[in-house]
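Undergrad: All residue numbers for the sequence shown refer to the numbering used here, where the first residue is 2 and numbers rise by one.
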Amino acid sequence: MTLNVADDELLYLSQADVVACDAQVGELEAALRHAFLRRAEGGVWSHPKVTISAGGANIFRGKGAVMDRPGYAAFKWFGYFPGNSNGVPDFMPLIVLNEIETGRPVAIMDGVWISAIRTALISLVAARFMARADAGTIGFLACGAQARSHLDVFAAAFPLTHVVAFSRRLETAEAFAAKAREKGLQARAVSDPRAAIAGCDIVISSVPHGSPTNRQLDANWVEPGTFVSSVDLGFGWKRDSLAAFDRTMTDDREQSTAGPNGVLNYDGPFAGDIADLVSGRIAGRTHRDERNALIFSGAGLADLAAAAFIYEAACAKGIGTRLPR
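(1) Residue range of the alpha helix (DSSP H) that Leu218 falls in?
(2) Kindly indicate the opening and closing residues of the alpha helix (DSSP H) around Val107.
(3) For Phe236, report the span of its alpha helix (DSSP H) as first-last.
(4) Determine the DSSP secondary structure at Ile296, reduced to helix, strand or coil.
(5) Quick one: using the 10 Å Cβ neighbour count with 16 as the cut-off for buried, is Met2 buried or exposed?
(6) Have a look at Val20 and Leu152 and give me their C-alpha separation to the nearest angstrom.
(7) Using the Cα positions of Asp233 and Asn99, report the straight-line distance between them to the nearest angstrom.
(8) With burial defined as no fewer than 16 other Cβ atoms inside 10 Å of the residue's Cβ, what is the status of Asn87: buried or exposed?
(9) Just to confirm, is the Cβ distance from Leu38 to Ser280 under 8 Å?
(10) Which same chain residues end up closer than 7 Å to Asp290 when comparing Cβ atoms and leaving out the 5 residues on each side of it in sequence?
(11) Around the C-beta of Val51, are 16 or more other C-beta atoms found within 10 angstroms, so that it is buried, or is it exposed?
(12) Is it true that the CB of Leu125 sits closer than 8 Å to the CB of Val154?
(13) Gly112 and Lys64 look like a contact to me (Cβ under 8 Å); what is the Cβ gap, rounded to whole Å?
Below is the structure:
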C-alpha cells in the first residue's frame, strides 16, 4: 500500500523502518551518483558541516544539502561521544527531510543505517573510477561498522576473492574475517597493519578517532595500482606520508577544505572531487600502477540522496508512522 503523508503530518522512520525499506545497493549507488552529477551541473546547494563542542572529545555535528531533482533538502544532526560505555552507541544520528517546493518538513528518520551505507557508497562511487576493475584483494584497517558496510558493498561490486583484516584487537579482526568467509571469500586476520596493505588492490581505513592506532599507517606501504579509501578523514595515516599517493580525491572539496586547517588529516592538494569524476571533468585512474586515494569527510549530499530514496520507498510501501505537526 502507499502511505500518503498529509501536509500537516510528518513521517517518522525508525531504524527498523529504514531497514524494512529494503533499499538495494545498486539503487542507492545510482541515487548517490545522480546527486554528485547534479552537483557538477549546478543543481545542488550545500554548506560545510557545523561542529559544536560538548566538552572534551564530545561533539555535536550537523551537515546537509539541497537538491533540485529530486526536490529535497536534508539535514543530519548527531552527537559523537566516544567515551560512551555500557552498550550506549557513540554515534546516534537523525535526519530531517524537507521538500523544496514550500520548504515543508516531510520526514524524520533514524540515520544509523543510512550513515553506514552511504559512507560505503561514497567509497564505491569513487572506486568505480579510481580502483582497478579487476581488483581481487581488499584490506581493512579497523574492523567496525564501517568496515562491515564496506565489505558488503565492495564484495557485491568487485570480483573480490581475498580479504585481509587488521584491528587493534586481533579477535575483532578474526571475527571480521569469519564474516568475510561466510560470503565465500578467503579471509585472514593479521596483527601487523602493514600486512593488511601489502598486496591489496583496495584498502579501506576506518580507524576510530581517538584510537591509539591513529596516525600510524604509512602511505609509503601502499603498492603500485592500489586504491585507498580513507573513511577516517586521513587520521589513521601519518600526515606527511599521504603525499606519497600519485593522486588524491575527496568527496566534497568545499567541505573537506573548510576552515583554516580543513577538517582532514591531509595538507592537500586534491586533484578533484567525486562530482568531477562522475561528470567526466577529471579522469579516473590514469594508469594501472597509479597509487590513488579518496580522503573524505562525508558529504551531506550523500545523506540527502539516501534519505530521499528511503523516504520515497517508505511512502510506496506504507512503512513508517505518521505524526501530527
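Even for Gly, the Cβ is constructed at its ideal location relative to N, Cα and C. For clarity, every value in this text was computed on a predicted model and none was experimentally measured.
TA: Inspection of the coordinates gives the following:
(1) Run containing Leu218: none; DSSP gives neither H nor E here.
(2) Looking at the DSSP string, Val107 is not in any alpha helix (DSSP H); the run it does join, the beta strand (DSSP E), is Pro106 to Asp111.
(3) Counting along the chain, Phe236 falls outside any alpha helix (DSSP H), and DSSP gives it neither H nor E.
(4) Taken through DSSP and simplified to helix, strand or coil, Ile296 comes out as strand.
(5) Summary for Met2: the model assigns pLDDT 44, below 50, so the residue's position carries little reliability; its value from the coordinates is reported in the next sentence. Residue burial annotation: Met2 is exposed, with fewer than 16 other C-beta atoms found within 10 angstroms of its C-beta.
(6) Val20 and Leu152 have their C-alpha atoms some 18 Å from each other.
(7) Computed Cα separation, rounded: 29 Å.
(8) Exposed, by the Cβ-count rule.
(9) A distance below 8 Å separates the beta carbons of Leu38 and Ser280.
(10) Excluding residues within five positions, the ones whose Cβ falls inside 7 Å are Pro225 and Gly226.
(11) So Val51 ends up on the exposed side.
(12) Using a Cβ distance threshold of 8 Å, Val154 and Leu125 count as a contacting pair.
(13) Between Lys64 and Gly112 the Cβ distance is about 11 Å, and since that is not below 8 Å, they are no contact.
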